[in-house]
Every structure is written in C-alpha cells, then in structure tokens.
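Residue numbers (my numbering), protein chains in the order written: chain A, 1 to 87; chain B, 88 to 834; chain C, 835 to 996.
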Amino acid sequence: MATVFIPALLQGLTGGRSKLEVAGATVGEVVENLDRAWPGIADRLVEDGRLRTNISVAVDGEVSPMGLLEPVAAGSEVHFVAAISGG
Amino acid sequence: MSTQYSVIGTRPVRHDGADKVTGRAIYGADFQMAGLLHGVILRSPHAHARILSIDTSKAKAYPGVQAVVTADDFPEAPDKMVDLGEGETPLSHIRGNVLAKGKALYRGHAVAAVAAASLHDAEEAVKLIDVQYEVLPCALTAPDAMKDGAPILHESMRTKELGQKTDRVSNVAEHFRHVLGDIGAGFAEAEAVVEREFNTSTVHQGYIEPHAATALWNNDGRVLVWCSTQGSFVVRDATACVLDIPVSQVKVTPTEIGGGFGGKIPVYLEPVAAILSKQTGRPVKIVMTRRDVFEGTGPTPGCYMKVKIGARKDGTITAAQAYLAFEAGAYPGAMVGPAGMTVFAAYDIPNVTIDGYDVVVNKPSTAAYRAPGAPNAAFATETLIDELAEKLGMDPIDFRLKNAAKEGTRRADGPKFRKIGCVEVLQAMKAHPHYSAPLGGPNRGRGVAIGFWFNVGLQSSCTIAVNTDGHVNLVEGSTDIGGTRTSIAMQAAEVLGIPVEQVQPVVEDTDAVGYTAVTGGSRTTFATGWAAYEAAQDVVRQMKERAAKLWAIEPAAVQAERGVFSSNGHSITFKDLATKLATTGGPVVGRATVNPRGVGGSFAGCIADVEVDPETGKTTVLRFTSVQDAGRAIHPSYVEGQMQGGSVQGIGWALNEEYWMNPQGTMVNSSLLDYRMPTALDLPMIETKIVEVPNPGHPFGVRGVGEANIVPPLAGLANAIYHAIGVRMNRLPMNPPAILQALWDKK
Amino acid sequence: MPGKVHIHTLINNQPTDFLCEPRQSLLECLRDTLNLTGTKEGCNDGNCGACTVLMDGRPVTSCLVLGVEAQDAAITTIEGVAKGNTLHPLQQSFLENAALQCGICTPGFILAAKALLDQEPDPSEERIRFYLANNLCRCTGYDKIIRAVQDAAARMREEARA
Ligand code: FES
Ligand code: FES
C-alpha cells in the first residue's frame, strides 16, 4: 500500500480525507484503484491516458519523469503537484 | 570515483571563448543567407481590441514587398494540447500569441507581417496595413481583472480548480490550494503575528540580444530555421504545431544566444518567418526591435499577494498563510504554481494554507524569468520573516535557522525535502565577514533574505567520438548561454581522464543530436552534464574492450584511472589507445540519453547593505554578498557569474525596473533608457560564497545554479531599506518616488 | 528612394569603400553591407552600448552614427582588436576572468574599455564603472567585467614597460 496525499481541492471527492492508503505497483494503478474507491478522482488527474496539464506526480519527494508509469513501492508517498519548469 | 577531481572545480577558458571575444560568433541576427528577405511585424496599438478587418492591399502594392501574412495564413488545425517538454499548452494559445486572431489581447500583440528585400521597405509597408479595431476596455492588474464586471479576455475560458473546470466565466484561469495542518490552530498558538499585502510590477528578463529568427521553407518541403533560442527542440516542436506539419519536417539550428533567462523559450517569430518564406520561396529573417521585445515578448508577472505568518515567543513559526494572485498576461500560465510551491519552502512550518490564482490580463503573455514566481513570493515571505524576527527580538539569521527546512521537512505542497542546503547557506551567511562588518554611517541598513528554487531535470542527449589524437568531440543540444559547453565538457573530461581542452564540445541542430530540452530550470550542467558523464562512461567501457583486445584478456580485467588503462603489468594511455582504434574494431563513439531523477533544489541567500538618501529617496547598494548552494561547483567562475548576474537582476527588480503602464495599457517606458536596468555605475562588486552540499542524486553532486540567486535580493534590499530608514516597503520597485512616499506616509 | 552615397573609410586599418543610403546607420552598414557582424545591436537607440565601435579612437554607439558620417573616419570594430592571431590583452583577460556569459555585450565592452585604457593606463574601479556605464550587460552583474578590465590594464602597463 502506498500513501496518497489528496490535494486540498480534490478532498471534496474523498469525503474530506487528505491521506489514503492505496494499492498499486505504478502511479497509474494507484490512480485506478483510487478512482474505484472514490469515483471521479481519475478524471481530475488523468486525461487521454496521461497526467493532466500542469500536474506532475512526486513519489517519495521526487518528481517523476515517467508520470503514470512511475513505479510505486509499498510505503511510498505519492503526491500530485503542480508541474514546474524554470527560466 | 574519488572526490579528488582533476578537472571539476578548475576554471578553464571556455571553448567558445575566442569566437566570442573576436566577434566571430554568430548570434540570431548575424545569420546571413543569399536571397534573404526581411520580415517586419505589425503590432496592435491597443491593449484589448476586436480585430474587425485587416486590409493588406496597400502594403502588398508597396515596392519591394514580397508577401504580407495574417493569422488567416496559418493552417486551421483543430485545437489540442501541445507538450513542449515543459508541460502542456493549448495550441490555440501558442498560435494566437504568434499572430492574433479575432482579438488583440495586449498592446504589442502581433497582428500581421510583411516580407521585403530591404528592411526599410518592410518597415514602410507594414504601416500601410489597414486594421480596423473595435477598442475594448482593458484589465491590467490581477486584482482588477478578478473584479466582477471586469473586461473578459477569453470568452470561452472557465476557471479550473485542479483539473476541474468550473462554470465560472472569468479571467482566473486556475485556482489551486495547498493545505498542511490547520492554520486556525497554528495562528491561535502564535504569540506574534505579522500580515501584509504586497504588490510587484511586471518586469522583463532584459536580455541584450533581441529575438531573431530566419526561416526557409525549402523546395523539398522541409522548414529550416536558424534562431536564437533556449531550446532548439522547443522551437522545432512549436513551429511544427503552429504550421500543422510533422516535427521531422522542421530542422532548427540554434545560433549563439545573447541571453534568455527564460524569455527565449516561447516561439514568437519562427512560424511567421516560415509562412512568409512559404509564400515567397525565399529565406526570411525577422529581428525584433527593443520595443518589440518589451511589448511583444514575455515579461515576468506582476502580482498581488497577502501573506501572514505567526510564531511563538521562542521563535518557532506555527502557521503561515498566503494568497497569491499573479498576472499571466494575455494567456494562462502566470508561474503562480511555482510561487505557491516556494513561498514558504525555506521553512519547516506545521500549519500552512496557500491559495494561488492564475489571472489573465491585457499585458504581454508572461514567460519564465529565472526561478519564475519565486522572487515575488520570497519578497513577501522574507520581508515578514524579518519583521517577525524584529518583533521577537531575534537575530534574523538565527530566527531563520531555528525554522529552516531540512532533509525530511514536509513542504506545504506535499512532498518532503531530500538533502538540501538551507541550513548550510544560512550558516555561511552568518559566518561571512560581511554580516558582522560595521555599517559606518547614518541612513544605512543591512538586510538579509533567503530563497529556494527547485531546479529541473528533463531530457538530454549526448554523444562523444574519439579522435585518433586522443581528443574527443562531444555533441550536445543545450544552447550555451553562459559557458555550459565547458561545464558539460568538464564532466566528460573528468570521466575520461583527459584535460578539458582535449574535449571539443559542439551544440548541434535538431537533426544532429537526440532530443534535448531547454537551457532553463538550472538544468543544463545537471542534466546535459549527466548525459555527458554517461556518454563518457560508455567511451571508457568501449576503450576498455579495445585495451582488452590488445592484451588478449577479458575487458572486465582492465582498469581505467585518470586516462590510463591498465591490467596486470599492461598499461596504455587514452591517447595511445586512441591511435589503435582502426585495428581494434573501428571508431569509438559513446552515447547517452537521460531523463534524470535526483534533481536537487538550490537555496541561496544574500546580505545587502544600502544607504538611502532621505532627501531624494535614492537607494545606493553599498555592499552585496550572494551565497548559494551549488551542490558541486563544476566551474566555480561560472557559478559565481550566475550568482552575480542573478543578484544584479534582483537588484534591478527591487529598486528600479517596472512596466510603467498608462490606463490604456501602453507601456510608456519601452526603451532601455527609460526601463533603466542596472549599469556598472549603479553597483558595487558582488561578493560570492559558494556552498557545496553535494546533491546525492547526481554523479558529481551538481544541483544547478542558474536561478535561486535571483530569489533573495528583492526582500534583502527591502529589509536593508527598512533598517536604514525605518519604513517597510511592500511594493516593487522601491524607486525614489516610492521611498519618498513611504517616508512621508510615516511622518 | 534616395540614391546611395559612396563612403570611404579606414576600417580596422583597411581602406574600405561602401555605398550607403543616407538613412542607414553606421551599425547597419557595418553589419549588413560589410558583413562585420561582430558589432551587435541591442536597442538601436543608443542605450545599450552593444554597437560600440571606435571612431577616430573615440567610442561611439554606431547605431546613432549615420553611415555617411563615417566618411574619411578611422573605425575600429571588434574584428580589428586582435593583432593577427594574438588576442588583445582585454580579449585575453575577458576570457581568463570569465567576464562574458552570453557574450552579446562583449564586443561593445571590449571596445569601450580599449578606448579607456588607450587614454588612461591605470583607471580606478570607480573610473572604469563610470566609463562603462553606457554598456549594458544583463548576465554578469559587471563584477567580472570590471575585474577583467583591471587585469587587462595591469597587463598592458606591464607590456608597455617591457
Ligand atoms: S544598439 Fe546601439 S546602443 Fe544599443
Ligand atoms: S554577457 Fe550577456 S549581456 Fe553581457
């Protein structure tokens, strides 16, 4: 099980819960399982099979270059964060 | 590898140096080609106007004119999201910013373009294009654009809340919120609370080279582009999207680039030059004027912020709250996301709420500018931190140290920090002789501030070919704005065990090198350097095989140490082995691509001494020290140079620079005389202190140093001004009229 | 369209003739007519110094000089600063002191600094800052440029003694 941190503006979909334990070997699987428990959440995070515009996923504090394909280990922390670039 | 490096940490002369001090280096506008036409762009004189009609007939009839184009000449491709390697943007926004369709959204918005054999003819002809506008009211600041009844820029835009489209028609493109703990409880616990509103003006990156691009729509259907850009692949992909052709049909050759700082990531000219070339069958060059640069390219957002921080008497920060409304300019993307992620990132605070709003206004579409979003946010936070320290009677560095973020600190946007150098930067500031030097005079003050930038990784490619004289050719795709050819070559040289002078780095076009993302996000020395490291490892592996062949042993039995291959009494230098490639299997080419993890954010701090003239309100910077965690300084002179350059841009932003807009939305100071960036005479030497907390995620510990240094100076100077004359400045720039006003208000 | 004027100059010690329209700036003539693109354009209105060249030994912003004004003048551009294959001490010290990042301002700085050091072999830091205040650099914060000029001045004094 990984710990998924639910962004403040999505907590309406999770009954106000800010942290959830979710199974899955990749971020994509985690999102699928999350959506099964809390329908509608995948739609807010994923579009056309990839993370939505301007959303990145961080696993254990590291922003992943692989998005939904990023492996997730048991006990991992998963955060959905704003995508950033720089000058 | 031991940490005793032979190349890393030295200060060699850059490989492109001779060309750049003799005038031989070819920058964007220097590109020449037979049959070249000159393009000139017509820009909207109104900040917000419906385009009713465009009559180009008179311009077309002007002698020497070869073509006139408008947005209607772009293909009518359906809108889609386009990934330019740094997140996605709707194609309609990219295309709409290149040439306006339907509406002009800011003064300076490109509307049409002319190509003629002579630049002067094109300039004359462009004035003959007759555009009928219906002028609309404009919204110029985030608070104004957010008001009920504000003029709406995009009728189809609906506010998004983390992926959720609401049904609100407004100028707010996006609202996000980060929550950590419970700020109600956190502020209840606080014994000292400070809260202020802040405003910052739009400022420009101010690179000295205006944008320049040449395009040839070749007879074989390929579009060839030569331009000054931070990312040749971004130009390729964006140009292909706008022209609705496959990416491989476009080849971009990056010229030398005269500064970017984030502002040379978007495309402005390339698709226009390409369409003009398609219509004329000749290459077309477009070079912006300085006014075009100010009015038509991405500045960095102005913003409105309201920030509140509370702490206990013992100096523990218990809660912090931020409301951030950033001006995106004409299209969404105000960099408020990174502002929200950095606003309290330097501190370990248990209870935080951050609300960010990305607001479109009738100003040029903003672009990245060195740690985009972070300097604005740190201006607010670091001013309040100084105020809190004073209220609590604590030294401002000690107060920061007590609350500093460390490995494991959870940021308000969620993730925990990995190994970072916030504490080490603060300690270096405290220990610096500058911090304890006497100020020596009235109306003088000293301020400190710190700041953070994430840095990014992103994709890079590199190949290294071994020459028979033992030198190597290194091919990469990161345009070199500040000596990165050399800092990348140094990492390869370190692995190969040869002098960096024997590595010949070259930045190649998009046909010749694998995908490489922009020179931006402080990523080049980190990520392309990493690709060079890996490619050099690949060379070493192959060279070991060749040595093994010579000695008829297993490759695994060969050791490589500082350019010497050896095994059991055998030994051969890299150079000698290079002469034997043909007979041991042919040429050796190492290659690598990366899309790295392990990005290490960088902290920076500054100590600033100022003297404020109470009669004129003028602030003089007496002494300035920049401190930054580089992880590992590959070429210390270039690291210092980044710190000095970023500091001075921060000083200009703090004290003087702004887009001075009249109520109609015209920038009235769109020349370098009136915009007034710092000159040599405005500044002292900029002292530097490089801190090295190696990034465990990079083979040499590199973090990337291009950006964090611009974050602290805004608040550092505001704090220094406060300690000089006793007024808290909450508006940028802190120019003489603003300071005088603040002094009068105090009386 | 106005006719072209025949201009005779000495550019980098070479007698050079070119045709120019009366409305063309010297900067344009150098870059577009003579292909001397080492002289850069940053603003075209006299405020950045990137286009600095020496005209009869004095630094001028060539965007504010008309091509026709160059008649009979001796012009030095960045292409004429090195002696053959030997870099000028300013060029060498800019390289060794890392005084350029993007390098677009460098030709202008080298020519302005050359004009200063040709007149004043040992200027103070303040004097250098004052003299170079018409040249903008956005990358370096000027620190390393000032140091490079000081270093070049020392080298040139050394050379003069030798
Ligand atoms: S181009 Fe001449 S001073 Fe800027
Ligand atoms: S080095 Fe870039 S402007 Fe000076």
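For every residue, glycine included, the Cβ atom is placed at its ideal position computed from N, Cα and C.
- Taking the Cα positions, residue 408/B is about 34 Å away from residue 785/B.
- Per DSSP, the unbroken beta strand (DSSP E) holding residue 709/B starts and ends at 706-716.
- Annotation for residue 343/B: 112, 113, 114 place their beta carbon closer than 7 Å to its own, counting only its chain and skipping 5 residues before and after.
- Three or more beta-carbon pairs drawn from the segment 418-435 of chain B and the segment 455-463 of chain B are found closer than 8 Å, and the two stretches are therefore classed as touching.
- For the segment 962-978 of chain C, the set of positions with a beta-carbon nearer than 9 Å to some beta-carbon of chain B reads 962, 963, 964, 965, 966, 967, 968, 969, 970, 971, 972, 973, 974, 975, 976, 977, 978 in chain order.
- Within the segment 388-427 of chain B, no run of alpha helix (DSSP H) at least 4 residues long lies entirely inside it.
- Between the segment 711-722 of chain B and the segment 761-769 of chain B there are fewer than three inter-stretch CB-CB distances shorter than 8 Å, so the stretches are not counted as touching.
- Distance from the CA of residue 360/B to the CA of residue 201/B, rounded to the nearest whole angstrom, comes to 9 Å.
- Under the DSSP definition of a beta bridge, residue 313/B partners with 301/B, 340/B.
- Exposed is the label assigned to residue 701/B, since fewer than 16 other Cβ atoms lie within 10 Å of its Cβ.
- Cβ atoms of residue 783/B and residue 691/B stay farther apart than 8 Å, at about 20 Å.
- DSSP places residue 762/B in the helix class (H, G or I) of the three-state scheme.
- Here DSSP, grouped into helix, strand and coil, assigns residue 881/C to coil.
- Burial check for residue 520/B: the Cβ neighbour count within 10 Å stays below 16, so the residue is exposed.
- Residue 849/C sits exposed, since fewer than 16 C-beta atoms from the chains shown fall within 10 Å of its C-beta.
- The beta carbon of residue 21/A sits no closer than 8 Å to any beta carbon of chain B.
- With 16 or more neighbouring CB atoms inside 10 Å of its own CB, residue 175/B falls in the buried class.
- Contact fails between the segment 729-736 of chain B and the segment 838-858 of chain C, because fewer than three Cβ pairs, one in each stretch, are under 8 Å apart.
- With respect to the 8 Å criterion, residue 130/B and residue 195/B are classified as neighbours on the basis of their beta carbons.
- In terms of Cβ geometry, residue 141/B and residue 281/B do not form a close pair [threshold 8 Å].
- Rounded to whole angstroms, the gap between the alpha carbons of residue 184/B and residue 208/B is 25 Å.
- Taking 8 Å as the CB threshold, residue 457/B stays off the interface with chain C.
- If the five residues before and after residue 892/C are omitted, its C-beta is found closer than 7 Å to the C-beta atoms of 949, all from its own chain and listed in chain order.
- Excluding sequence positions up to five before and after residue 323/B, its CB lies within less than 8 Å of the CB of 312, 334, 337, 338, 339, 597, all in the same chain and listed in chain order.
- Judged by DSSP secondary structure, residue 468/B falls within the alpha helix (DSSP H) whose first and last residues are 461-479.
- Note that the segment 562-578 of chain B does not touch the segment 527-544 of chain B; fewer than 3 beta-carbon pairs, one per stretch, sit closer than 8 Å.
- Taking the C-beta atoms as reference points, residue 635/B is found no nearer than 8 Å to residue 659/B.
- Around residue 9/A, the beta-carbon contacts reaching into chain B at under 7 Å are 248, 249, 263, 264.
- Note on geometry: alpha-carbon atoms of residue 641/B and residue 566/B lie some 40 Å from one another.
- With a cut-off of 7 Å, the C-beta of residue 607/B is classified as distant from ligand 2, since no heavy atom of the ligand falls inside that distance.
- The three-state secondary structure of residue 444/B, taken from DSSP, is strand.
- For residue 606/B, the closest alpha carbon among the candidates 348/B, 329/B, 676/B, 399/B is that of 348/B.
- Pairing residue 582/B with residue 629/B gives a Cβ-Cβ distance that is not under 8 Å.
- Within the chosen limit of 7 Å, ligand 1 reaches the beta carbon of residue 895/C through at least one heavy atom.
- Against chain A, a Cβ distance below 7 Å from residue 168/B picks out 53.
- Residue 620/B has its alpha-carbon roughly 5 Å from the corresponding atom of residue 579/B.
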